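These notes concern the structure reproduced below.
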Amino acid sequence: MELFNTLGKTLMPFVPVAGKNVGFYACGPTVYHYAHIGNMRTYIFEDVLAKTLREQGFSVRHVMNITDVGHLQSDADFGDDKLMLGAAREQKTPWEVARFYEEAFFRHSASLNVKRPDIVCRATEHIPEIIAMVEQLLEKGVAYISAGNVYFSLEKFPTYHELGQLKLQDQQATDRVAHDPLKRSQSDFALWFSTSKFPDQIMKWESPWGLGFPGWHIECSAMASRYLGDRIDIHCGGIDHINVHHSNEVAQSECCFGHRWVNYWFHCEFLNVDAEKMSKSKGEFLTVDTLIDKGYDPLAFRLLVLGSHYRSALTFSWDALDAASTALRKARLRIAQIQGDNVQPQASFSPEYVAAKTRFFGALDKDLHTPGAVAELWWVLKADVLDDAERLDLLRSFDGILSVGLFDEVQVELTQEQASLIEARRVARLMKNWSESDRIRDLLLAQGIGVSDLKA
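Numbering (the numbering used here), first residue to last: 1400 to 1855.
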């Protein structure tokens, strides 16, 4: 398998550190609000990547964090803690807000057939590990204390720009925007915030530097290393994390461990609406619940997402979602029709079957090219060169990765005319008038209604 590695900006053969064992870390949600469908697009691709690796025989240890403290309004070190903002907005405690939106996130993930990671770790439950890592960085001389706050000194990590190609002087250009008098250099970033800087912070813990709370970046480094060790195979996230959050993770982790921390960086592009990326900060955004409330199957959104490549921006529109919904419905009806014909499993498969399977997994092997995999799915549904037993076997295999619910039942409300057609077909079959039965079946299928004839 080849993956595009953000570190180096090139396609690379995927070779894990430890044989067939894969350490897989994904930046999870900051649970102060609902995740929007742009966020969920990233988790869909991460899900497909993990499932593809497992299909190839890798043992994947998938870890995802929950940011329930320490993520300020800016990815840098200014603004309020988003959990505090969420608590003020909803007149609840930060912990109540965090648990509510964490549950909502996993409910939305399940509706999109995104498998729950093997390990889900909350920042608030890993404060000792975070403090220990900050202490290590202080001992190594790459961090310093200022008024009870602990900062990472970016000048101590000269290769900072490697991941995001953002050079130190570019980072320092933000000085005029967000000046922090407690920093030696405005490009430095916080590892630990004290109550001297945030006196009204509710979520706080004792530390060697006084009461306070962790910075967002150190949370991920500490938790990822806690569960995956000091050498991680794949680290995933959105492209908006590259230049600050992930670059900061690299700096603090590699200074702590003394060697490269992550071998492959997997970043997903934005989902755009009206030519702009979807963002919670703008106040209006679409969630999975929005789609459900409008009558859409969330898996139609998953299908829409997988029709684009993870490194290409996707422009969302209701017309595009309508098209994906129609396509998914027709696929399910076609599969229900085939299953109703009592297809018997085969002992061997044709060269066309083998070729289709090779093309499908070949597309995924080439930098997770889901558009090619989806195209192969449509080919299999329609190809005359495959018999139905082969068709069903391939579609089950494909749906194990794409997870768009191809074999889910389709619920329909029948008109009186459609109900009459179904009854007429039943009578035709009783009379063994197979041509009339097939004619009515095709007529119903054209209206989006599949009929199956199961043996008693």
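Using N, Cα and C, we set each Cβ at its ideal position, and we do this for glycine too.
Here the structure is a predicted model, which is why all the values come from computation and not from measurement.
Indicate the three-state DSSP secondary structure (helix, strand or coil) for aspartate 1632 in the structure shown.
strand
May I ask you to verify whether the segment 1730-1738 touches the segment 1801-1812, counting CB pairs closer than 8 Å and requiring at least 3?
yes
Counterpart residues of alanine 1542 in DSSP-defined beta bridges:
Phe1551
Is threonine 1714 buried or exposed, if buried means 16 or more other CB atoms sit within 10 Å of its CB?
exposed
Pick helix, strand or coil for arginine 1460, following the three-state DSSP scheme.
strand
Can you find the residues in the same chain that come closer than 6 Å, C-beta to C-beta, to arginine 1824, ignoring five residues on each side of it along the sequence?
Ser1836, Ile1839
Once the 5 residues before and after alanine 1425 are set aside, which same chain residues still bring their CB inside 6 Å of it?
Glu1445, Met1463, Cys1635
Out of Leu1785, Phe1759, Phe1504, Pro1613, state which residue places its alpha-carbon closest to the alpha-carbon of methionine 1400.
Phe1759
Those residues which DSSP pairs with tyrosine 1663 across a bridge
Ile1633
Go through its chain and collect everything with a Cβ distance to glutamate 1561's Cβ below 8 Å, but skip five positions before and after it.
Leu1406, Val1649
Where aspartate 1798 and glycine 1427 are concerned, what is the direct C-alpha to C-alpha distance, given to the nearest angstrom?
25 Å
Thinking C-alpha only, which one of Asn1548, His1525, Lys1693, Leu1767 is nearest serine 1593?
Asn1548
CB-CB under 6 Å to methionine 1602, same chain, minus the five flanking residues each way: which ones, in chain order?
Val1468, Pro1493, Phe1612
Hey, quick one: how far does the beta strand (DSSP E) through serine 1593 stretch, first residue to last?
1588-1593
The alpha helix (DSSP H) that contains asparagine 1438, what's its start and end?
1436-1454
In its own chain, which residues sit with a C-beta less than 6 Å from the C-beta of alanine 1572, not counting the 5 before and 5 after it?
For alanine 1572, the predicted structure reports a pLDDT of 47, less than 50, and the residue's modelled location is therefore unreliable. The matter cannot be settled from this model.
Take asparagine 1440 and list the residues in its own chain whose beta-carbon comes closer than 6 Å to its own, dropping the five residues that flank it on each side.
Residue 1440 is actually arginine in this sequence, not asparagine. So the qualifying residues of the chain are Leu1670, Val1704.
So methionine 1622 and histidine 1525 are supposed to be a Cβ contact under 8 Å. How far apart are they, rounded?
5 Å
Would you call the segment 1778-1786 in contact with the segment 1691-1711, where contact means no fewer than 3 C-beta pairs closer than 8 Å?
no
Residues in its own chain within less than 6 Å of methionine 1411 by CB, not counting five upstream and five downstream?
Asn1404
Got a sec? Which residues, its chain only, sit under 8 Å from threonine 1409 by beta carbon, not counting five neighbours each side?
Phe1403
What does phenylalanine 1404 pair with, by DSSP beta-bridge criteria?
Reading off the sequence shown, one finds asparagine at residue 1404, where the question assumed phenylalanine. Its beta-bridge partners are Thr1409.
Compute the distance between the beta-carbons of valine 1779 and alanine 1762, then report whether it is under 7 Å.
no
Using 7 Å as the threshold, is the C-beta distance between tyrosine 1543 and alanine 1589 below it?
no
For the putative contact between valine 1416 and serine 1458, defined by C-beta atoms under 8 Å, what is the C-beta separation to the nearest angstrom?
That pair is no contact at about 13 Å.
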